[in-house]
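This report concerns only the one structure given below.
Protein chains in written order, with my numbering: chain A, 58 to 305; chain B, 58 to 305.
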């Protein structure tokens, strides 16, 4: 049984301000929650699940003695869930402190300028994890990595990629020894670019691309050749194509 | 002013059964609606917009004399819209008959096996349009191309790609003169595959991949090399990476 206060508290974690104050976020579902628990990149504080889920996950109680487990009814899970269709289990995790002293030498680093769609950000985090990129640097205007929609779409990759939020122009100026590439609608065609050992690759906003301030710092614009007529590619798809090409 | 019956009728187009019966679908927003009108791939029957939109698009009334234009209040648009945040204009278009006699020779053809997420399907249609692929062949289990979420995420590419729905195994058997490739978690690494002049590329379901029946017909499995730890890539991202590679 969940109290009204407790319910409101979990609901509040759907909002960035509350997540920042509490230092917590939520993750949901019978695939993602065990993945995040097993990954041990985030400390789980509380876990709420329906009876059937606990019946199939008995041993978790002894594996994680520090987690507060609560059995809830479907309607209670529905109240605390951020999903349209709540799914068996919801857990509250501690946010972690990102490592802001990242190494750029001999690595590909992804930089996101105002990626606002949570689904896109989550998909990009998954791409970085697939291709073994260690770090993503986000502008302050990007969606919050702990937004429930981002968390759900990362499919467990959230704990395996170090993500920092910073003033992009300032950060790029400080790291001017590494060549900066941008995904653009014009520039060097991707196939003409070889495999890269190191570099910063910037992906811009879904509608407005890369901001002028950041664009000024770009050393080479690269473009995915278009033979058809679409105006643009989805930002996550563009990120995937470029990273696959330069690391492949 | 919109009558209750008219409102219900437009709302019904959010469901596949009603769309199929009426042969109609809806598209929304000040970017997409004019794009679809200008593309002239779909016949527009009715257009509903708020006063401000009509103020800025006066000349459309004379350009398209056969469209029934209706000025609506914000709350009325909210009722007929499929968007969380309705945006100025909604139009009703006629579905078109796909061209089922497609040419596969000397072309790359994309085949989708049960792509269920409307956002993924829309993004894949946009990818096909970007790379100039003429046709997409969908299994019956794919999301409906006229689902409002698909329509919105195609960003106007919907009219420029011919999309057919069919029994995939049967269709592939009939077209066995063309080499069939699948996006898989194992197989030939993508960089080892050269540029392709022709071929069928199959992308499988978000969670279950390609069905056994279809997999039996595949000639070559290809895989996007993974150096990190993510379990999978988003289906649209995988489609983008493979198509970019084989056409690049």
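Virtual Cβ for every residue (Gly too), placed ideally from N, Cα, C.
Worksheet item: Taking a cut of 9 Å between CB atoms, which residues from the segment 215-249 of chain B lie near chain A?
Response: 217, 218, 246, 247 and 248
Worksheet item: Can the beta-carbon of residue 128 of chain A be found closer than 8 Å to that of residue 102 of chain A?
Response: no
Worksheet item: Roughly how many angstroms lie between the CA atoms of residue 186 of chain B and residue 80 of chain A, to the nearest whole one?
Response: 43 Å
Worksheet item: Which first and last residues belong to the alpha helix (DSSP H) in which residue 270 of chain B is found?
Response: 269-272
Discussion item. According to DSSP, is residue 143 of chain A part of a helix, a strand, or is it coil?
Written reply: coil
Fill in: the segment 258-273 of chain B in contact with the segment 182-199 of chain A per 3-pair CB rule at 8 Å
no
Item to complete: Find the residues of chain A that neighbour residue 277 of chain B, judging by a C-beta separation of less than 9 Å, and give them in chain order.
Response: The premise fails here: residue 277 of chain B is roughly 18 Å from chain A at the closest Cβ pair, so nothing lies under 9 Å.
Practice prompt. Check each residue of the segment 255-277 of chain A: if its Cβ is closer than 8 Å to any Cβ of chain B, include it; give the result in chain order.
Written response: none
Discussion item. Starting from residue 244 of chain A, trace the beta strand (DSSP E) in both directions and tell me its first and last residue.
Written reply: 237-246
Item to complete: Could you tell me if residue 132 of chain B is buried or exposed, where buried requires 16 or more neighbouring beta carbons within 10 angstroms of its beta carbon?
Response: exposed
Fill in: Residues near residue 264 of chain B in its chain [Cβ-Cβ closer than 7 Å; skip 5 each side]
none
Discussion item. If I measure Cβ to Cβ from residue 197 of chain A and keep anything under 7 Å in the same chain, skipping five residues before and after, which residues do I get?
Written reply: 222 and 224
Worksheet item: Closer than 8 Å, Cβ to any Cβ of chain A: which residues of the segment 167-189 of chain B, in chain order?
Response: 176, 180, 183, 184, 185, 186, 187, 188 and 189
Worksheet item: Between residue 278 of chain B and residue 305 of chain A, what straight-line distance do the alpha-carbon atoms span, to the nearest angstrom?
Response: 17 Å
Worksheet item: Which runs of the alpha helix (DSSP H) spanning at least 4 residues fall entirely within the segment 122-168 of chain A, listed in chain order?
Response: 131-137
Practice prompt. Provide the residue(s) that pair with residue 219 of chain A in DSSP beta bridges, ordered along the chain.
Written response: A/192
Discussion item. So the candidates are B/145, B/167 and B/76; which of them puts its Cα closest to the Cα of residue 110 of chain B?
Written reply: B/145
Discussion item. Between B/228, B/182, B/237 and B/236, which has its C-alpha nearest residue 16 of chain B's C-alpha?
Written reply: A query on residue 16 of chain B cannot be resolved here, the shown segment of chain B reaching from 58 to 305 and no further.
Item to complete: Using the Cα positions of residue 75 of chain A and residue 216 of chain A, report the straight-line distance between them to the nearest angstrom.
Response: 21 Å
Fill in: Test item: CB-CB of residue 258 of chain A and residue 299 of chain A under 8 Å
yes
Worksheet entry | Of the residues A/88, A/193, A/64 and A/153, the one placed nearest residue 114 of chain A, counting alpha carbons only | A/88
Item to complete: Starting from the beta carbon of residue 281 of chain A, find every residue of chain B whose beta carbon is closer than 7 Å, and list them in chain order.
Response: 301
Practice prompt. Thinking residue 100 of chain B and residue 205 of chain B are a contact (beta carbons under 8 Å), I'd like their distance in whole angstroms, please.
Written response: That belief does not hold up - the Cβ atoms of residue 100 of chain B and residue 205 of chain B are roughly 18 Å apart, past 8 Å.
Worksheet entry | Separation of residue 153 of chain A from residue 296 of chain A, as counted between CA atoms | 25 Å
Worksheet item: Cβ atoms of residue 212 of chain B and residue 288 of chain A: under 8 Å apart, would you say?
Response: yes
Item to complete: Let me know the secondary structure DSSP gives residue 177 of chain B once reduced to three states.
Response: helix
Worksheet entry | Bounding residues of the alpha helix (DSSP H) (the contiguous stretch that carries residue 213 of chain B) | Unbroken run through residue 213 of chain B: none, as it is neither H nor E.
Worksheet item: Do residue 274 of chain B and residue 245 of chain B have their C-beta atoms within less than 8 Å of each other?
Response: no
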